[in-house]
Amino acid sequence: MLAESARPTPSTDASTGHAAGGMPVVRMLDEQTIGKIAAGEVVERPVSAVKELLENALDAGATRIRVAVRDGGIGLIEVADNGCGIVRDELAVAIQRHATSKLQAFSDLDALRTLGFRGEALPSIAAVSDLTVRSKASTSEHGHAIRVQFGIAGEPEATATSAGTVVTVRDLFANVPARKKFLRQTGTESGYIQRAVAAYAGAYPEVAIEFVADDRRSFATSGSGDPITAALEVWGAEVGNAALPLEPLEEISAVAGVTVTGWVGAPSLTKSHRQGIVLFVNGRWVQNRALSFALEEAYHSLLMVGRHPVACAQVHVDPAAVDVNVHPTKAEVKFEDERAACRALSRATHAALARGPRADLPGIRLQPVPGAPAEVGGTVMPVHNQQGLSTLRPGEVVSSPSPTAGTPTVPWVAPQLQPKPSVVAIGTEQDAEPVPVHRSGVPVLRVLGQVGGNYIVAEGPDGMYLIDQHAAHERVMYEKILGQLQGRESVRQPLLDPLVVELTPEEMGAWEKSQAELGEIGFEIEAFAVQAVLVRAVPALVQRVDIAERLRLILQELASGGTGASWLDAVAISTACHTSIRAGQALSVPEMRELVAQLEQTTHPRACGHGRPTMLHMSRGDLEKQFERR
Ligand code: ADP
Ligand code: MG
1067 MLAESARPTP STDASTGHAA GGMPVVRMLD EQTIGKIAAG EVVERPVSAV
1117 KELLENALDA GATRIRVAVR DGGIGLIEVA DNGCGIVRDE LAVAIQRHAT
1167 SKLQAFSDLD ALRTLGFRGE ALPSIAAVSD LTVRSKASTS EHGHAIRVQF
1217 GIAGEPEATA TSAGTVVTVR DLFANVPARK KFLRQTGTES GYIQRAVAAY
1267 AGAYPEVAIE FVADDRRSFA TSGSGDPITA ALEVWGAEVG NAALPLEPLE
1317 EISAVAGVTV TGWVGAPSLT KSHRQGIVLF VNGRWVQNRA LSFALEEAYH
1367 SLLMVGRHPV ACAQVHVDPA AVDVNVHPTK AEVKFEDERA ACRALSRATH
1417 AALARGPRAD LPGIRLQPVP GAPAEVGGTV MPVHNQQGLS TLRPGEVVSS
1467 PSPTAGTPTV PWVAPQLQPK PSVVAIGTEQ DAEPVPVHRS GVPVLRVLGQ
1517 VGGNYIVAEG PDGMYLIDQH AAHERVMYEK ILGQLQGRES VRQPLLDPLV
1567 VELTPEEMGA WEKSQAELGE IGFEIEAFAV QAVLVRAVPA LVQRVDIAER
1617 LRLILQELAS GGTGASWLDA VAISTACHTS IRAGQALSVP EMRELVAQLE
1667 QTTHPRACGH GRPTMLHMSR GDLEKQFERR
């Protein structure tokens, strides 16, 4: 290692800076002293050098970067990249002060797309270390290396090296003992470096970044391009699994000129400090209180007091709308419109949180209401009496009379009827308190709302119920059709204008096969042409639907075999299915109440005519268990 005194200094009393006569003398500092002073600004501690070298590699367009350090960066820092490289003649220039390939005039800063622009990093590091740059430009045949020992540069020499650049820094601050004294223990310095490399690896998922400390690999990203994958690779499963992607804002909440990318952690993952919040602006790692406050604000009531979220978020604005030249180590930036940046970050965070955790909320497990899956429509048709009670004896098993190929042939078990059918106990043993239920076995339900345009959420005496609106309505329709068949009531609804419906040959065949059954159910359909029928009346139950479309669906199902105990049953099931409310149809609360009330009146409310469950249940006990209240 070269000692400080080994390099030339002006002939001045080094301790006072005074000339022999005692008067202070104003003179130009020599290059090396200038370099050391400048280095103080740029290279505060080892992590500052690592950050500059890493930024140079990113600016060089590298897709693969390896950062290795030893002894907290004091012993060694080495950053190797596969970027564009530096040609021989420019090697000597790159290590000079204010030498940069990235900026020519001050106004270029407005359009700056690179992280570096001052041309200070390499000379500043070189002034306080033993630095070697080995590089091979993609356009050159040979590589070259240049060594600068504490500010004194050698000549570029040919060397064997692969395309890209390797910068090796040894004995950092060896010639500035004052700065070295202020450094922390090597473990702490190494921690700062790890945090910085991790931040860049998280924010540049498209670049494969590896970090090795004291010959141990700390992490490596794959360069997948996906921020969540990078989060997993850098910070591990706990953080990666909690990461919620920040996605483009919808048009109405978008902030002009600002976009936000990256991820924020689910509220379940918190820290007692804010260091888990990694912020980038235009590819630059920054500290910005306003931005981190905006991000945290989006969590408001979701976090406990004193806890902070984790995130790796990036704000993108027009380079002209942000001043990057306000801080010696470029750790801060000044926005033209900071509030807009904050608003965009806060809204994007809010949206990510609202979209919700992916794997991170435990999935709720609902049970089909007991007895549901096997109550296939066809099996119930002949066996109910006026009270709506099954004539099967408890436990009696009926097998499905004509199972269709592919339909599970689960035998139907008659429900264990209670002596007092209006109030029976349902639910698990530990909460076996009797709850009010309808004769059908459905508890009295209070409709709360709709999920996904398809499921009705309801509360019962024992917890929560989800009802499939289509399956429920299908069951209602099916039993109404059966009721009318048995009662021989007037079920027809004549159409004012008879409707011509064109059919395919298959549909036509199904119609011919089912004419009698369709007639019994309430359709009045005549042949009209080779491939068309004339619909004169439909079942009175069928309301507010496109008759032609629904008739075709019924005939299509029948053409492919149908499901049911008899052909009449198959026609009834198909009619019920295709004339009922569809999934995805928004219902008002009164409409949902009406539907649930009708379902409650059915004999077998727990499955649709095709045997799919109409409702799922989560008991109070299950809720308590899953929320870990007991
Ligand atoms: P700045 O990054 O501000 O331009 P530096 O002192 O960090 O200044 O680097 C000086 C110049 O050296 C850069 O402008 C660039 O042309 C070249 N350079 C530095 N590091 C690399 C690298 N890893 N790959 C390619 N060129 C580099
Ligand atoms: Mg640079």
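All residue numbers for the sequence shown refer to the numbering used here, where the first residue is 1067 and numbers rise by one.
Ideal Cβ positions, reconstructed from N, Cα and C, are used throughout, including at glycine.
In DSSP terms, what residue i is bridged to
i     : result
E1223 : A1211
Q1433 : H1683
I1259 : In the DSSP output, where bridge partners are listed per residue, I1259 has none listed.
Q1516 : I1522
D1196 : Q1215 and R1236
K1202 : G1230
V1145 : V1133 and V1233
L1532 : V1523 and L1682
E1276 : R1132 and A1286
K1400 : D1389
Residue i CB to nearest heavy atom of the ligand ADP below 8 Å
i     : result
I1703 : Nothing about residue 1703 can be reported from this structure: the residues present for the chain run from 1067 to 1696 only.
P1183 : The sequence shown places Phe at residue 1183, not Pro. Within the cutoff, so yes.
I1212 : no
L1065 : Nothing about residue 1065 can be read from this structure; the chain reaches only from 1067 to 1696.
T1166 : yes
I1218 : no
V1199 : yes
T1395 : no
I1294 : no
A1123 : yes
E1147 : Looking at the sequence itself, residue 1147 is Asp, so the reference to Glu does not match. Yes, the Cβ of D1147 comes within 8 Å of a heavy atom of the ligand ADP.
A1274 : no
V1263 : no
A1128 : yes
Between the CA atoms of residue j and residue i - distance to the nearest angstrom
i     : j     : result
Y1266 : G1220 : 32 Å
H1676 : E1690 : 33 Å
S1284 : H1366 : 34 Å
G1443 : R1695 : Legend: pLDDT at G1443 = 37, less than 50; position of this residue unreliable, value from coordinates given subsequently. Cα-Cα distance, rounded: 39 Å.
D1137 : R1282 : 12 Å
L1432 : H1683 : 5 Å
E1540 : S1632 : 18 Å
L1312 : L1178 : 25 Å
D1612 : L1551 : 23 Å
E1402 : G1323 : 11 Å
A1638 : G1526 : 31 Å
N1348 : P1385 : 7 Å
S1358 : M1370 : 17 Å
G1687 : Q1664 : 28 Å
H1393 : K1202 : 32 Å
I1161 : V1109 : 15 Å
A1126 : Y1521 : 54 Å
D1528 : S1685 : 5 Å
T1641 : F1589 : 10 Å
R1254 : A1158 : With the sequence shown as reference, residue 1254 is identified as Thr, and Arg is not the correct amino acid for it. Their backbone Cα atoms lie some 34 Å apart in a straight line.
L1634 : H1644 : 15 Å
T1325 : V1113 : 29 Å
A1649 : Q1516 : 11 Å
P1222 : V1135 : 25 Å
T1205 : D1389 : 34 Å
Residue span of the alpha helix (DSSP H) that contains residue i, given as start and end
i     : result
R1558 : Element bounds for R1558: not the alpha helix (DSSP H) but the beta strand (DSSP E), R1558 to E1568.
E1317 : Element bounds for E1317: n/a, residue is neither H nor E.
V1113 : P1112 to D1125
A1636 : W1633 to H1644
Y1544 : Q1535 to G1553
H1416 : E1404 to R1421
P1656 : V1655 to E1666
R1179 : Segment: none, R1179 is in no alpha helix (DSSP H) and carries neither H nor E.
R1245 : P1243 to K1247
Unbroken beta strand (DSSP E) run spanning residue i, endpoints
i     : result
R1350 : R1350 to V1352
P1509 : Premise fails: P1509 is in no beta strand (DSSP E) and is neither H nor E.
I1343 : I1343 to V1347
D1155 : First-last for D1155: R1154 to A1160, but that is the alpha helix (DSSP H), not the beta strand (DSSP E).
R1130 : R1130 to R1136
The ligand MG heavy atom lying under 8 Å from the CB of residue i
i     : result
L1178 : no
E1156 : no
L1188 : yes
D1281 : no
If we require 3 or more residues per run, which beta strand (DSSP E) segments fall completely within the segment 1574–1618? 1590–1595 and 1598–1605
Which full runs of the alpha helix (DSSP H) of 4+ residues lie inside the segment 1278–1339, going along the chain? For the segment 1278–1339, whole alpha helix (DSSP H) runs of length 4 or above, ordered along the chain, are 1293–1301 and 1303–1308.
What are the uninterrupted segments assigned as alpha helix (DSSP H) that are 4 or more residues long and contained completely in the segment 1354–1393, given in chain order? Annotation: the segment 1354–1393 contains the following complete segments of the alpha helix (DSSP H) (minimum length 4 residues), in chain order: 1355–1363.
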